[in-house]
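The structure under discussion appears below in the form of structure tokens.
Protein chains: 2
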Amino acid sequence: MPDSEPLDAVDTGIVSALSQDARATLTQLAEQVGLSVSSVQARLRRLESRGVITGYRPIVDAEAVGKPLAAFIEISPLDPAQPDNAPELLEHLDEIEACHSIAGDASYMLFVRVASPRELERLIGQIRQAAAVRTRTTIALQTFYEYRPLVPAASEKRPLGR
Amino acid sequence: MPDSEPLDAVDTGIVSALSQDARATLTQLAEQVGLSVSSVQARLRRLESRGVITGYRPIVDAEAVGKPLAAFIEISPLDPAQPDNAPELLEHLDEIEACHSIAGDASYMLFVRVASPRELERLIGQIRQAAAVRTRTTIALQTFYEYRPLVPAASEKRPLGR
DNA sequence: AGTGAAAGAATAAAAGA
DNA sequence: TCTTTTATTCTTTCACT
Numbered sequence: 000m001p002d003s004e005p006l007d008a009v010d011t012g013i014v015s016a017l018s019q020d021a022r023a024t025l026t027q028l029a030e031q032v033g034l035s036v037s038s039v040q041a042r043l044r045r046l047e048s049r050g051v052i053t054g055y056r057p058i059v060d061a062e063a064v065g066k067p068l069a070a071f072i073e074i075s076p077l078d079p080a081q082p083d084n085a086p087e088l089l090e091h092l093d094e095i096e097a098c099h100s101i102a103g104d105a106s107y108m109l110f111v112r113v114a115s116p117r118e119l120e121r122l123i124g125q126i127r128q129a130a131a132v133r134t135r136t137t138i139a140l141q142t143f144y145e146y147r148p149l150v151p152a153a154s155e156k157r158p159l160g161r
Numbered sequence: 000m001p002d003s004e005p006l007d008a009v010d011t012g013i014v015s016a017l018s019q020d021a022r023a024t025l026t027q028l029a030e031q032v033g034l035s036v037s038s039v040q041a042r043l044r045r046l047e048s049r050g051v052i053t054g055y056r057p058i059v060d061a062e063a064v065g066k067p068l069a070a071f072i073e074i075s076p077l078d079p080a081q082p083d084n085a086p087e088l089l090e091h092l093d094e095i096e097a098c099h100s101i102a103g104d105a106s107y108m109l110f111v112r113v114a115s116p117r118e119l120e121r122l123i124g125q126i127r128q129a130a131a132v133r134t135r136t137t138i139a140l141q142t143f144y145e146y147r148p149l150v151p152a153a154s155e156k157r158p159l160g161r
């Protein structure tokens, strides 16, 4: 439950700079936003402790780590009368990268990555069994882009000097 | 086009550690994998230049940055005879976080984030117009998890001391 | 490829405005 | 809440294995 206080321009600048490179140093961030390093450090810690920033991830080539096959899996309860806690029941399956509840035919949308069609088959079986659901799977053939920055670069927002 | 040489245990360890915290210092990574800092630095640079790691992102609370509404948008060409370069045509829309081509009824699956239903309506209009497609939108009601590490923590793979 | 050491850079903590 | 200062830690480079 992140703090609901709105972000000021400096906070937004920090988040924006990190969105381009989350390994940027405090010194680099400080240059970007025009404050001292210490201030930026305090701001960043506050953003983290308020839950505005909840972690940092590398963008990893899926093939290089042996998971070239991505898919969307929509799931729906077999028995709509049963209590539904599919996200919990599936949390241990670490092939699942994301889990959203959705408005539509299905109850949830998962995004998964696996090594092979064979592994996908196995994973779908595990999902069905673990959560008592039926599934509808859509294979991703090619990823054009993903993990695009949630907050666009600050330099793109005010085309001043460029 | 990332290098296809397979990752050894050390590389995997580095990627795994970064997957938990992409802002980890080289010193921390070195501890994790049991090599010197210099070696880890050289390894990490190599992973980056080979395209195994292509960037770093913060995980940002979508509400805090004013984009509380997420949706999946499937798109299909209005005229299947036309050349199809939808991903390019849509790239400038920075509300689009991801774009995959898919096997299924539709041609592409987008994942988008916007400020409001009104903004979603506007975005869908822009997508239709820019790429000459029809769309099918599924709203995300709640996100249980996302951006889960592609590579699980090394400590979870060999439950030795814990 | 990996190590260790030395110089330079970044971070953390503290004090004051 | 920002800045400056200082101590500590991290990163970088390089000579060597």
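First to last, the protein sequences are chains A and B. Numbering-wise, numbering that gives the first Met the number 0 puts 5 at position 6 of the first sequence, and it's gapless, one number per residue. Numbering-wise, numbering that gives the first Met the number 0 puts 70 at position 71 of the second sequence, and it's gapless, one number per residue. Here a beta-carbon is modelled for each residue, glycine too, at the ideal position from N, C-alpha and C. Just so you know, these numbers come straight off a predicted model, no measurement behind them.
* chain A partners of B:ARG22, CB-CB under 7 Å? -> For B:ARG22, the neighbours in chain A by C-beta distance under 7 Å run, in chain order, ALA21, ARG22, TYR55.
* Can you tell me the Cα-Cα spacing of B:ALA23 and B:PRO151, whole angstroms? -> So the alpha carbons of these two residues sit roughly 16 Å apart.
* **Cα-Cα separation, B:ALA21 to B:PHE143** => B:ALA21 and B:PHE143 have their alpha carbons spaced roughly 21 Å apart.
* To do: Using the Cα positions of A:ASP93 and B:GLU120, report the straight-line distance between them to the nearest angstrom.
  => Approximately 34 Å, taken between the alpha carbons.
* **Whole-angstrom distance between B:LEU6 and B:LEU25, CA atom to CA atom** => Approximately 18 Å between the Cα atoms of the pair.
* Are A:LEU88 and A:CYS98 closer than 8 Å when you measure CB to CB? -> Their beta carbons are not under 8 Å apart, which means A:LEU88 does not touch A:CYS98 by this criterion.
* **Cα-Cα separation, B:ILE126 to B:PRO79** => Computed Cα separation, rounded: 16 Å.
* Chain-ordered neighbours of A:ALA61 on chain B, where CB pairs are closer than 9 Å -> Here the neighbours are LEU149.
* Between the segment 43 to 54 of chain B and the segment 66 to 84 of chain B, are three or more C-beta pairs nearer than 8 Å? -> Under the Cβ criterion (8 Å, minimum of three pairs), the segment 43 to 54 of chain B does not count as touching the segment 66 to 84 of chain B.
* Asked: Where does A:LEU34 fall in DSSP's three states?
  -> In this structure, A:LEU34 counts as coil in the three-state DSSP scheme.
* Which partner residues does A:PHE71 have in the DSSP bridge list? -> Its beta-bridge partners are A:PHE110, A:THR137.
* To do: Anything in chain B within Cβ reach of A:PRO1, meaning under 9 Å, just list it in chain order.
  => Those are ASP60, GLU62, ALA63, listed as they occur along chain B.
* Contact with chain A by B:HIS99, beta-carbon distance below 8 Å -> At least one chain A Cβ lies under 8 Å of B:HIS99.
* DSSP state of A:ARG56, grouped into three classes? -> Strand.
* Is any beta-carbon of chain B found at less than 8 Å from that of A:ASP78? -> Chain B has no Cβ within less than 8 Å of the Cβ of A:ASP78.
* Asked: DSSP state of A:SER115, grouped into three classes?
  -> Looking at A:SER115 - three-state DSSP - the assignment turns out to be coil, as it is neither helix nor strand.
* Check the Cβ-Cβ distances between B:GLU96 and every residue of chain A, and say whether any is below 8 Å. => Output row for B:GLU96: interface = yes.
* To do: Would you mind telling me which residues of chain A sit closer than 8 Å to B:PRO86, beta carbon to beta carbon, in chain order?
  => Those within 8 Å of B:PRO86 in chain A are PHE143, TYR144.
* Secondary structure of A:PRO76, DSSP reduced to three states -> When DSSP states are grouped into helix, strand and coil, A:PRO76 belongs to the strand group.
* Asked: What number of angstroms, rounded off, separates the C-alpha of B:LEU34 from the C-alpha of B:GLU118?
  -> Note on geometry: alpha-carbon atoms of B:LEU34 and B:GLU118 lie some 50 Å from one another.
* Between B:ALA139 and chain A, is there a C-beta pair that is closer than 8 Å? -> With respect to chain A, the C-beta atom of B:ALA139 has a partner C-beta closer than 8 Å.
* To do: State the Cα-Cα distance for the pair A:VAL162 and B:ALA63, rounded to the nearest angstrom.
  => Residue 162 of chain A lies beyond the range of chain A shown here (0 to 161); nothing can be said about it.
* To do: Give me the Cα-Cα distance between A:ASP104 and A:GLN141, rounded to the nearest whole angstrom.
  => Taking the straight line joining both Cα atoms gives about 25 Å.
* Asked: Within the 8 Å Cβ cut-off, does B:ARG121 reach chain A?
  -> Chain A contact via Cβ: absent.
* Say whether chain B places a C-beta atom closer than 8 Å to the C-beta of A:ILE126. => No, no contact with chain B.
* To do: My understanding is that A:ILE101 touches B:ILE138, with C-beta atoms under 8 Å, so please give their C-beta distance in whole angstroms.
  => The Cβ separation is near 7 Å, so the contact holds.
* **Integer-rounded CB distance, given that A:ILE95 should sit under 8 Å from A:LEU109** => About 5 Å separates the two Cβ atoms, so the contact holds.
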